[in-house]
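Quick note on the working numbering: the sequence shown kicks off at 432 and runs consecutively.
Note that beta-carbon positions come from the ideal geometry of N, C-alpha and C, so glycine has one too.
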Amino acid sequence: MSGNFYEIDEIFNEAVMTGVPAIIVEGMDDILIYNQLSARVPFEVEIYAVENIEGYSEGCEQVITAIRELNNIKNSKYKLDEHILGIIDKDVRDYRNELPALEPILVLEYYSIESYFVSKDVLHNILCLCTKAGKSLINEDLCVKIFKDVEKNLLSLYYFSLEALRASLDSEYKSIFFYSYPTGRLNDVKIQHAILSKIDELDRFAAHLDLSPNLMTLKSISKGKWLVESFSVEILKSINSLNGMCSGGEIITCQFCSTGAFHKCLYKIRDGINNKSIKNLAFSFIGGADFDHIVDRIYKIKNHILMSA
432 MSGNFYEIDE IFNEAVMTGV PAIIVEGMDD ILIYNQLSAR VPFEVEIYAV
482 ENIEGYSEGC EQVITAIREL NNIKNSKYKL DEHILGIIDK DVRDYRNELP
532 ALEPILVLEY YSIESYFVSK DVLHNILCLC TKAGKSLINE DLCVKIFKDV
582 EKNLLSLYYF SLEALRASLD SEYKSIFFYS YPTGRLNDVK IQHAILSKID
632 ELDRFAAHLD LSPNLMTLKS ISKGKWLVES FSVEILKSIN SLNGMCSGGE
682 IITCQFCSTG AFHKCLYKIR DGINNKSIKN LAFSFIGGAD FDHIVDRIYK
732 IKNHILMSA
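This is the structure we're talking about:
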């Protein structure tokens, strides 16, 4: 080490000596998520934010550079992919033909890790945590119904995302919306009107890339932070509507609404729940099939070691 920073070669050496694989990720926010995902494999893993390695700062390019440097370390006895894995967001690399031809790196299938937390499985978990309804009332039919409505409302991001994607692919394009914008800019009325005026043009751009308005497209081209924050807003709206749906008989009626005690409805949102807390709850749940390819790739590191032992 140099000071409080890790040395890139020492991370590799430590992984070899201890038999604990090292995963290098883009930044601070990734640490907890990948620690949770690594808990799904039957062995210990060490997660490093690339910015904590001497000579590197945060971000996907820095992870790529770190893996490239590790590849340049000559070691005929130990193979890099048996001890190290770099993980980076996809962002729009696939549309720019900039996917790194470098191992061992896992490029996420969606725009970013945040995109993975927009799913029916995550929704189900949040509904159970944010109400007192329990799993008998928060059933598959209800989750499908709510998720369908949430997904429909999320499609409002589609044209904003297309506009940002086009700006990312064409430096001469005069865009009105960029990936650098925070989620709050989605609510800018002037920008909304300007986007609406460009729908035909953006549809032609989408057709050229074979894109259509659906959730899978959003997970691929929408900035992950926009998507998960909008998802949280829509879930909050949905939860707040459940009390009325219960008393109106639109969903399975809870025992309190059955007796006329509507103010005690089990579907009512718990105190203190807001958009931010829902987003945090979303990030705490790493279940569901979307994450499987990440877990499988992490498992593959140790599988290499077992096979070569």
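Asked                                                                                                          : Found
Beta-ladder partner(s) of Val549, from DSSP                                                                    : Val549 pairs with nothing; no bridge assigned.
Residue range of the alpha helix (DSSP H) that includes Tyr479                                                 : It is not in any alpha helix (DSSP H) - Tyr479 instead sits in the beta strand (DSSP E) that spans Glu477 to Ala480.
Range of the contiguous alpha helix (DSSP H) that encloses Ile515                                              : Not the alpha helix (DSSP H): Ile515 falls in the beta strand (DSSP E), residues Ile515 to Ile519.
CB-CB length for Leu511 against Leu501, believed under 8 Å                                                     : 6 Å
Same chain only: Cβ atoms within 6 Å of Arg728, ignoring 5 sequence neighbours per side                        : Leu537
Residue from Asp460, Glu441 and Met459 with nearest C-alpha to Ala453                                          : Glu441
Span of the beta strand (DSSP E), counted from its first residue to its last, around Val523                    : From DSSP, Val523 is part of no beta strand (DSSP E); its letter is neither H nor E.
Own chain residues within Cβ distance below 6 Å of Ile577, not counting five before or after                   : Ser669
Residue(s) in a DSSP beta bridge with Val456                                                                   : Ala480
Three CB pairs or more closer than 8 Å across the region 632-649 and the region 589-603                        : yes
Nearest-angstrom Cα separation, counted from Phe662 out to Ile569                                              : 18 Å
Test item: CB-CB of Phe722 and Arg524 under 9 Å                                                                : no
Touching by the beta-carbon criterion (3+ pairs, under 8 Å), the region 558-565 and the region 612-624         : no
Bridge partners - Leu537, DSSP secondary structure assignment                                                  : Ile518
Whole-Å CB distance - Phe436 paired with Ile504, under 8 Å assumed                                             : Their Cβ separation, rounded to whole angstroms, is 18 Å, which puts Phe436 and Ile504 out of contact at 8 Å.
Residue environment, Phe608, which counts as buried when at least 16 other CB atoms sit within 10 Å            : buried
Buried versus exposed, by CB contacts within 10 Å (16 or more), Arg701                                         : exposed
Exposed unless 16 or more other CB atoms sit within 10 angstroms - verdict on Ser611                           : exposed
Where Ile725 falls, given that 16 or more other Cβ within 10 Å makes a residue buried                          : buried
C-alpha gap between Glu457 and Thr690, whole angstroms                                                         : 53 Å
Whole-Å CB distance - Arg499 paired with Leu600, under 8 Å assumed                                             : Arg499 to Leu600, Cβ: 25 Å. No contact.
Extent of the continuous alpha helix (DSSP H) run through Val620                                               : Val620 to Leu627
Length of the line joining the Cα atoms of Phe443 and Glu534                                                   : 14 Å
Sequence-distant residues of the same chain with beta carbon closer than 7 Å to Cys696, five excluded per side : Asn674, Cys677, Ser678, Cys685, Phe687 and Cys688
Beta carbon of Ile652 nearer than 9 Å to that of Leu585                                                        : no
Phe716 to Lys650 span [Cα, whole Å]                                                                            : 17 Å
Reduced DSSP category for Ala720 - H, G, I as helix; E, B as strand; rest coil                                 : helix
The alpha helix (DSSP H) enclosing Ile683, as first and last residue numbers                                   : Here Ile683 belongs to no alpha helix (DSSP H), and DSSP marks it neither H nor E.
Reference Leu573, options Tyr509, Tyr541, His694 and Ser672, closest by Cα                                     : Ser672
C-beta contact flag for Val664 and Ala713 at 9 Å                                                               : no
Host alpha helix (DSSP H) of Asp634 (start-end)                                                                : Ile630 to His639
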